[in-house]
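Participant: The structure that follows is given in the form of structure tokens.
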Amino acid sequence: MTAQKRQGLRTEEPAPIEQLTQLCAVYALVAQTAGTDAAPLPAPDEKALAAAYLRAPGIARRRFEMLADETSAVAGTGARALLDRKGDIAAPAAELLDFMRANLTALAAFVEKPA
């Protein structure tokens, strides 16, 4: 057992931070698939987010997790619907991207304002 594990220190990112990274990838994929002009999202600073998450009070962490879970559910359902849809998907893709951008921006802001 390493000294870090004995002291209870985590060396890997918390799962919600990994989830945020995956959501950013889904956002890019939806934008590319739909051929929209959606502005790319800046890559999240995973280390800063992980540090903010780990030092945040439990209620703030739960709020972060709930927003990440909601965004994942909508993104997954929306992306599947777009893939199954025939014809022009630009309008529904733009709506999904707007939703995702707003939530991903809120999640990334967790570093500046964790509560």
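Mind the numbering: the sequence shown is residues 0 to 114 in numbering that gives the first Met the number 0, read in order. Where a beta carbon is used, it is the ideal one built from N, C-alpha and C, also for glycine.
#1: Once the 5 residues before and after G77 are set aside, which same chain residues still bring their CB inside 6 Å of it?
#2: For the alpha helix (DSSP H) that L53 lies in, which residues bound it at each end?
#3: Which value, in whole angstroms, describes the spacing of the CA atoms of P15 and V29?
#4: So, helix, strand or coil for F109, using DSSP?
#5: In the DSSP assignment, find the alpha helix (DSSP H) that holds L82 and state where it starts and stops.
#6: According to the Cβ coordinates, are L22 and T70 closer than 9 Å?
#7: Using the beta-carbon count (16 or more within 10 Å), is M65 buried or exposed?
#8: Give the DSSP-derived three-state secondary structure of L19 in the structure shown.
#9: In the structure shown, what three-state DSSP assignment does T35 receive?
#10: Among residues of its own chain, excluding the 5 on either side of A89, which ones have a beta-carbon nearer than 8 Å to its beta-carbon?
Facilitator: Short version:
#1: L95
#2: E45 to R54
#3: 21 Å
#4: helix
#5: G57 to D83
#6: yes
#7: exposed
#8: helix
#9: coil
#10: A33, G34 and T35
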